Every structure is written in C-alpha cells, then in structure tokens.
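Asker: Each protein sequence line maps, in turn, to chains Z and X.
The working numbering puts the first sequence at residues 1 to 271.
The working numbering puts the second sequence at residues 1001 to 1271.
There are 2 protein chains.
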Amino acid sequence: MSAPLNRLSLNQMTTNQWNVREAVEACARHEVPEIGLWRHKIAESGVAEAARSVRENDLRVSSLCRGGMFTAATAAERQERINDNKRAIDEAAELGTTVLVLVCGPAPDRDIDGARRMVQEGIAAVVDHAGASGVRLGIEPLHPMFAGDRSVIVGLAESITLAEKFDAHQVGVVIDVYHVWWDPDLYAQITRAKGRILGFHVNDWIVPPPDHLKGRGMMGDGVIEIQRIRRAVEAAGYDGPIEVEIFNQALWDAPGEDVMKQMVERYLTVV
Amino acid sequence: MSAPLNRLSLNQMTTNQWNVREAVEACARHEVPEIGLWRHKIAESGVAEAARSVRENDLRVSSLCRGGMFTAATAAERQERINDNKRAIDEAAELGTTVLVLVCGPAPDRDIDGARRMVQEGIAAVVDHAGASGVRLGIEPLHPMFAGDRSVIVGLAESITLAEKFDAHQVGVVIDVYHVWWDPDLYAQITRAKGRILGFHVNDWIVPPPDHLKGRGMMGDGVIEIQRIRRAVEAAGYDGPIEVEIFNQALWDAPGEDVMKQMVERYLTVV
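1) Is there a Cβ of chain Z sitting closer than 8 Å to that of X/Q1220, yes or no?
2) Using a Cβ-Cβ cut-off of 8 Å, state whether Z/A28 counts as contacting chain X.
3) Taking the DSSP output, what are the residues bridged to Z/V154?
4) Would you mind stating whether X/V1271 and X/I1242 have Cβ atoms separated by less than 8 Å?
5) Which whole runs of the beta strand (DSSP E) in the segment 14 to 44 of chain Z are 3 residues long or more, in chain order?
6) Taking the Cβ atom as the reference point for each residue, do X/G1138 and X/V1099 lie within a distance shorter than 8 Å?
7) Check the C-beta distance from Z/E158 over to Z/P141 and give it rounded, since I have them as a contact under 8 Å.
8) Can you find the residues in the same chain that come closer than 8 Å, C-beta to C-beta, to Z/V152, ignoring five residues on each side of it along the sequence?
9) With 16 as the cutoff for other CB atoms within 10 Å, does Z/G195 come out buried or exposed?
10) Throw me the rounded Cβ distance for the X/D1199 and X/G1237 pair, which I believe falls under 8 Å.
11) What are the residues in the segment 148 to 180 of chain Z lying within 7 Å of chain X by C-beta distance?
12) Report the residue from Z/R231, Z/E80 and Z/T14 whose alpha carbon sits nearest the alpha carbon of Z/G256.
13) Within 8 Å (strictly less), CB to CB, does Z/V103 reach chain X?
14) Can you check DSSP and say which residues form a bridge with X/D1176?
15) Thinking C-beta only, is Z/S9 closer than 8 Å to Z/E44?
16) Starting from X/V1099, follow its DSSP beta bridges and name the residues at the other end.
17) If you reduce the DSSP assignment to three classes, tell me which class Z/R228 lands in.
18) Hey, which unbroken runs of the beta strand (DSSP E) at 3 residues or more fall wholly within the segment 46 to 134 of chain Z?
19) Using a C-beta to C-beta distance shorter than 7 Å, which residues of chain Z count as neighbours of X/V1223?
20) Using the Cα positions of Z/A250 and Z/A50, report the straight-line distance between them to the nearest angstrom.
21) Compute the Euclidean distance between the alpha carbons of Z/I197 and X/V1202, then round it to the nearest angstrom.
22) Residues of chain X with CB under 7 Å from Z/W205, in chain order?
23) Taking the straight line between their C-alpha atoms, what separation do you get for Z/Y267 and X/V1032?
24) Once the 5 residues before and after Z/G215 are set aside, which same chain residues still bring their CB inside 7 Å of it?
25) Which residues, in order along the segment 1067 to 1089 of chain X, keep a beta-carbon less than 8 Å from a beta-carbon of chain B?
26) For X/P1004, is the classification buried or exposed, using 16 other Cβ atoms within 10 angstroms of its Cβ as the cut-off for buried?
27) Going by beta carbon distance, what residues of the same chain come within less than 8 Å of Z/D211, once the five residues before and after it are set aside?
28) Please identify the residue among Z/L37, Z/I226, Z/R228 and Z/M218 whose C-alpha is closest to the C-alpha of Z/A254.
29) Starting from X/E1298, trace the beta strand (DSSP E) both ways and give me its first and last residue.
30) Beta carbon of Z/D232, beta carbon of Z/Y187: below 8 Å?
31) Relative to the C-alpha of Z/L64, which candidate in Z/R52, Z/P144, Z/R78 and Z/G96 has its C-alpha closest?
32) With Z/R268 as the anchor, note down where its alpha helix (DSSP H) starts and where it stops.
33) Residues of chain X with a CB under 7 Å from the CB of Z/W182: which are they?
34) How would you write the range of the alpha helix (DSSP H) that Z/L186 sits in, first residue to last?
35) For the putative contact between Z/A163 and Z/V154, defined by C-beta atoms under 8 Å, what is the C-beta separation to the nearest angstrom?
36) Applying the criterion that 16 or more other CB atoms from any shown protein chain within 10 Å of the CB defines a buried residue, is Z/G68 buried or exposed?
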C-alpha cells in the first residue's frame, strides 16, 4: 500500500524555482497538506509574511530547515552559531512547526572528533530554548560524502547516539533516504530510533549520480528501496509527515507545476 | 615519526598517464620499492611482460587491483565474474603479489541485501583457488557514495564482517583512507580488523571535492587525519606496504615525474 496523501509534504527545495508564497499556493492547488520551509527562502519576505501565507492556505509546516552548523574555529564564532540557532527556533515557533532540522556542520580543521564535540555542545546550548518554544530538534545525519563540507554527523547510528544524550521529547533524528540508504545496519538503526524519529524525507539515488549535491532523483528514478524504508520507519512508530526533498538542477529548471504533478504521482505510486 | 620509505608503494592509478613499464621504471628511479598494479594496465602488454618489467627493476608488487564485481543479474553472468576473478588470481600469482584487491560490485537492481549475498557467494566460489595460488583476497570497503555503481560493500565494519566468514589467512580487508575517514566508528573497527588487514591506501579528501571519482587529493591537501589512521592501522599489527592511490584528473594531466616527486615528499612529511 502506498503512503497516504495526507502525510505528503513538499520540502520547498524541491521547487527551488519558487518563493515561499508560490510554493505554498502550489501545495494548496495540488492538495498537498504540508510544506517544509527553508530559512533562506523565508528571509526573502520575512517570517511573518511566510506564516501568514501558510495560514491563509490552510497548510501545516512539517519542519523548518535548517539549524545546526555548530562547528567553527573560535568560541566567538560558535557563540554566533548558537545565537543563530535560537533565532531559527523562534522562527520555527512563529511558523507553527514543531521541528527544526539540524545540519550539524563540518570540522573547521582536520579534527573530526573535536568537531563532533562542538556539535554536542551546540545542541546543549540551545535545547532549553527549543523546549521553551515548543520546538524539537531533529538531527539529520548526512551522507558521508558531505562529512568534509556540511556535517560531521554522518550515519544514522551516530545521530541516534548524539540524540540520546538529550531528552527524547526534545532531540531526535530526521531520516532522509538519500543520506542513509547505503547503510548495512540501516534497519536495525531505524528500529533503535523508535521514539526519536522527528521527520522522514524521500527522494532517490540515481546511478551514477549526475551530481552529488544537486543530482538527487525523483522517487522511482533511482535504486533506493523507498517503500521498504518507509515501512521500517512506520514500524518504529513514526506516522508524521513524509517530506519530498529533492536537490536537482534539472527539476529546478523545469516548470514548477510539472514538478508538483510528478511529485504527487510518484509519491502515490512509489513511496 | 613519518612512515619509512621502504613501505611506500606507488599504486599505478596515481600516475595513470604512464603504462606499466613507465611506472615501474619511475619507481626504480625514485627508490620507491613497491608498486600496486591494475589489470587493465597490465592487459596492454600482457602479464608476462609486466612481471618481467617488475623483476628487472627489482620491485615488489604490493597488490593487484582489482578482482570483485561479483554482482550481476543472472547466474550465467555471475559465473563469468567468478571465472574472471580466478584469472585475476592467476595474474596476481604470476606477478608475485600475495594480495588481490576486491571491489565487490553494485546491485544489479534495487535489492542491496541480495547483492551483498552475491558478493559473499562470489568470494566463496574463488577462495580455494586463491588459497592454492598463494593469493589472499583483500575486500576494500568503498565510500558509501559508490554504493550505487561500484560496491555494495561500504564501511569498514561490513567488510570485516564479510571477511570473517572466511579463514583469516585467506580473506581480509584493504583500508583506504578516502573510503573510511568519515566513519565515527573507524578506530574501533581498525582495532577489530587486527590480523585481517591486507593493505593500506593513502591519499586525501579535498574540501569540497572537485569531483567524487577523480578528485582525490595528494596527501596533505585535504582534511583526512592520515597519520592518526596510519598509527591505528599499525597498532592493529599491519606493517605492510602503504600504497599511494590517487584518482585525480589534474595529477593525470601533470608530468608524471612531478607527481612522483611530490608523492615521495608528501609521503615522508604527511603520512
């Protein structure tokens, strides 16, 4: 059985050609009930305007991307990142979402273990602010190919281990099939994540990847066992939104309406 | 303390602009005592000619790349891959090396677990032939970004688990820093690999990677803690050759002599 339409969320990077209002209105037109928003998109017109647009179109905001980037060479820079994460938490609360997605940041030097400690310290520094704001922090483990430039937190196991240092009501993980599909221990780790899964992202891994950052595929165009992973995530108790998040230059160059139609069709048949 | 020169090996893909004879003679000129050979290079002039060239220049062959690619859609194709691995074993024996490096192959469809079983069956089908030929099989876990098109065996943990299904004298692992540096469990897994480490490859991870296949860096140009990993590998009992294996278009476009000089200098200062 395919995933139900009432759990579908458009992560707005899938339609990067659109601003917030355009993406929100497209969701309403296509009966997509949720949207995942990005801070740099929201910044174009401001949080209040984005929140109004979402309310007027009767959408839910599945998550806000992204907090994190806790790693930096100096204490002053790390404090600035912490301050920025508190602003992201405030924005998430204003948008009415309960999940802030964390992309944790790369090492500022060659000390990957040191950078991992910075991430833990960064989360510790903002977790109370998140709790007071009704926002949960979703650590998104990235694919290991991003360990050098985006996040030292790679692999689902590590993200769960990190989340477990905090209260389960406050810190969890966001599982994106693109980042974790290769993991020989994937299904055991999904089971282990029970009670901590705060989001689920779908897309596909094209073979060979046309580009590693902007070459994710539409569901069905690649080799990921998406349905198997979705069922495992559901068996671990997750019944929240399923965000379609696709960084793909070809999709960004296409008419957004075509992307929306294909996304809904593939969601109903492949996910 | 840096690694000793008598353990340095040129993996010939680092100087892809050269044929076997050119690479072998360059090793002799630069007092590099070992070379890692590739089958498609050897095929240009034949195994006997390559073996003669190595003998005449008093080199050792640290390993032959590559066997593996056990995965295929049909039983007939898988048998052909097995036959080809037996030929690779024969070539390794003729070249006087005791290690055949295995790059295990991608899934022929979306069934990654099924492909992993094919790999195990493939190794099982050639291991006796390898034993009779005095050749050991070194499973090289690839970076997870190659899981779709090169090898379903990714992560050091998985490669050790696979090797452990066979006799320790016959099947082990080859550790390449490019493929494993990101792993949060790396040092525990290196310790676990004790007695199974059949090779060690160095290079670097440039940030951001100019290309994921042909964008590996010269040691020192990236973010990998190469010396820390080397020491861990040595603490796990490995004292064999250290192969410099760099797939990098810019190096291939440069004069081979310059690459050799830089390789030796970086090996002595960075590795």
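The beta carbon of each residue, even a glycine, is placed where N, CA and C say it ideally should be.
Please read these numbers as outputs of a predicted model, since none were measured by experiment.
Answerer: In brief:
1) It should be pointed out that residue 1220 of chain X corresponds to Gly in this sequence rather than to Gln. Cβ-Cβ to chain Z under 8 Å: no for X/G1220.
2) no
3) Z/L142
4) yes
5) 34 to 38
6) In this structure, the beta-carbon distance from X/G1138 to X/V1099 falls below 8 Å.
7) Going by Cβ atoms, the distance from Z/E158 to Z/P141 rounds to 6 Å, so yes, they are a contact pair.
8) T71, C104, G105, P106, A107, I112, A115, R116 and V119
9) exposed
10) Note that residue 1199 of chain X is Gly in the sequence shown, not Asp. By a beta-carbon distance limit of 8 Å, X/G1199 does not contact X/G1237. Their separation comes to about 13 Å.
11) G148, D149, V154, G155 and E158
12) Of the listed residues, the one whose Cα sits closest to Z/G256 is Z/T14.
13) no
14) Looking at the DSSP assignment, X/D1176 forms a beta bridge with X/H1201.
15) no
16) X/R1136
17) In this structure, Z/R228 counts as helix in the three-state DSSP scheme.
18) 60 to 68 and 99 to 103
19) A107, R110 and G148
20) 26 Å
21) 37 Å
22) G1148
23) Computed Cα separation, rounded: 56 Å.
24) I206, P209 and N248
25) In the displayed structure, chain B is absent; the protein chains listed are Z and X.
26) exposed
27) The beta carbon of Z/D211 sits closer than 8 Å to those of Q249, all from its chain and outside the five residues before and after it, given in chain order.
28) Cα-wise, what sits closest to Z/A254 is Z/M218.
29) Residue 1298 of chain X lies beyond the stretch modelled for chain X, which goes from 1001 to 1271, so this question has no answer here.
30) Sequence inspection shows Ala at residue 232 of chain Z; the Asp mentioned does not correspond to that position. Taking 8 Å as the Cβ cut-off, Z/A232 and Z/Y187 qualify as a contacting pair.
31) Selected option, being the one with the closest Cα: Z/G96.
32) It is worth fixing the name first, because residue 268 of chain Z is Leu in this sequence and not Arg. G256 to V270 is the span of the alpha helix (DSSP H), which, as asked, contains Z/L268.
33) P1144, A1147 and V1154
34) Counting along the chain, the alpha helix (DSSP H) containing Z/L186 begins and ends at L186 to R192.
35) Actually they do not touch by this definition, with Cβ atoms about 14 Å apart.
36) buried
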